[in-house]
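Engineer:
Numbering (the working numbering), first residue to last: 168 to 538.
(1) List the whole-angstrom C-beta distance separating residue 413 from residue 382, where the pair is believed to meet the contact cut-off of C-beta under 8 Å.
(2) Under 7 Å Cβ to Cβ from residue 367, same chain only, skipping five residues before and after it: list those, please.
(3) Spatial neighbours of residue 401 within its chain, please: CB distance less than 8 Å, with the 5 preceding and 5 following residues excluded, ordered by chain position.
(4) Looking at the unbroken alpha helix (DSSP H) that takes in residue 312, where does it start and where does it end?
(5) If you reduce the DSSP assignment to three classes, tell me which class residue 236 lands in.
(6) Measuring only the C-alpha atoms, how far is residue 329 from residue 306?
(7) What three-state label does DSSP hand residue 385 in the structure shown?
(8) Starting from the Cα of residue 370, find the closest Cα among 397, 276, 292 and 281 and give me that residue.
(9) List, from N- to C-terminal side, the beta strand (DSSP E) runs of 3 residues or more that fit wholly inside the stretch 329 to 414.
(10) Which of the three DSSP states is assigned to residue 295 in this structure?
(11) Give the secondary structure of residue 217 by DSSP, where H, G and I count as helix, E and B as strand, and everything else as coil.
(12) Here's a check: name, in chain order, each residue in its chain whose Cβ is nearer than 7 Å to the Cβ of residue 409, leaving out the five neighbours to either side.
(13) Just curious, the alpha helix (DSSP H) that residue 262 is in, first and last residue?
(14) On the criterion of 16 or more Cβ atoms from any shown chain inside 10 Å, does residue 339 qualify as buried, or is it exposed?
(15) Which same chain residues, not among the five before or five after residue 226, have their C-beta less than 8 Å away from its C-beta?
(16) Quick test of the definition: if touching needs 3 or more C-beta pairs under 8 Å, does the stretch 266 to 274 touch the stretch 306 to 318?
(17) Here's the rule I'm using: 16 or more other beta-carbon atoms within 10 Å means buried, otherwise exposed. How should residue 403 be labelled?
(18) Considering residue 279, what are the terminal residues of the beta strand (DSSP E) in which it resides?
(19) I think residue 316 touches residue 357, with their Cβ atoms under 8 Å apart; what is that distance to the nearest whole Å?
(20) Determine the DSSP secondary structure at residue 419, reduced to helix, strand or coil.
(21) Please tell me whether residue 235 and residue 430 are closer than 8 Å, where the distance is taken between their beta carbons.
(22) What whole-angstrom Cβ distance do residue 359 and residue 275 have, given they're in contact under 8 Å?
(23) Quick check: the Cα distance between residue 463 and residue 376, rounded to an integer number of angstroms?
(24) Can you tell me the Cα-Cα spacing of residue 230 and residue 261, whole angstroms?
(25) Can you look up residue 257 in the DSSP assignment and give me helix, strand or coil?
(26) Check residue 427 in the structure and name its three-state DSSP category.
(27) Going by alpha carbons, who is nearest to residue 419 out of 384, 428, 303 and 397?
(28) Using a Cβ-Cβ cutoff of less than 7 Å, which residues in the same chain neighbour residue 279 once the five nearest sequence positions on both sides are dropped?
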């Protein structure tokens, strides 16, 4: 049966594990009682512990002292899941998906559609991670009280909205983020089909310079995500999170990766100044089938592959970016191209978290990893 293998980078691979006899159990009826008995025994074999598989994959991961990481992976078709790490984390900007889900749920309850202004805010909030738009919708849903009420209905049992205007300091768990992703990408959801399609569409059109994260896992152009990054003023350390849906091995997975306590070495001013983000420690990950994936610090990022439709849609103008409204967060770029393989825009150099990054290894190395 499929075994889900994950890593801290949100890397997910499916590896078909055939029976020792080299074949799957047939569903066709058999006239032999012995054959039926053997098939019954074989079908009753215990499933592999996916949490143990994920923990095994994490043995090769180096996490710096004081940092904390939690990973959760779900196969939405089978319901199989794997988790690593526990505890709560600041959401930073991944809460913007939750804010939009709460807004849509409230609109459904009122039997209304989102207004043009709400849709404008939602687009900027998700696609460009615009903080002012998030603050406007945070107020619209009733801030933490509104978010908490929605989350109680959506099945997020360990998430608590940030105090006052501080939506970025909402606390959550990797398991709760999977619950939220199931509401967005699953069929059994309190969100209507139209609402789910709307959120998915925005998450599939993330601005190119913000499309790092779980997108590195996708083996093609199919992914939908939201990232969050927040340098804490009290510690100088970074919260770096990524949630979304990826396609690997022709199969969809929901992935949540949360981390905090990530250190940074910087030259110049961070964030918002003209400084250049430096390099810190690294986490190198390989697991299961496919290309090794590195979640690397620093300023070298790949340009993910996109479908022609997605690339065309990214040519539309972006809304102007207001000043940051969350302590320590950076506003999205006003203009300019996203980071390519060898350079960063001024925005990204100043505001891109210099904590962990994803970067896929070469195709040659990828071939060597195949079973």
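Where a beta carbon is used, it is the ideal one built from N, C-alpha and C, also for glycine.
Structural biologist: Walking through what the data contain:
(1) 7 Å
(2) 351, 352 and 391
(3) none
(4) 310 to 321
(5) strand
(6) 12 Å
(7) coil
(8) 292
(9) 390 to 398
(10) coil
(11) helix
(12) 177, 380, 381, 392, 394 and 424
(13) 262 to 276
(14) buried
(15) none
(16) yes
(17) exposed
(18) That residue, residue 279, is in no beta strand (DSSP E); it is neither H nor E in DSSP.
(19) Not confirmed; about 12 Å, so no contact.
(20) strand
(21) no
(22) 6 Å
(23) Confidence at residue 463 is low in this model, with a pLDDT of 24, below 50, so the placement of that residue should be treated as unreliable; the coordinate-derived value is given next. Distance between the alpha carbons of residue 463 and residue 376 is about 16 Å.
(24) 22 Å
(25) strand
(26) strand
(27) 384
(28) none
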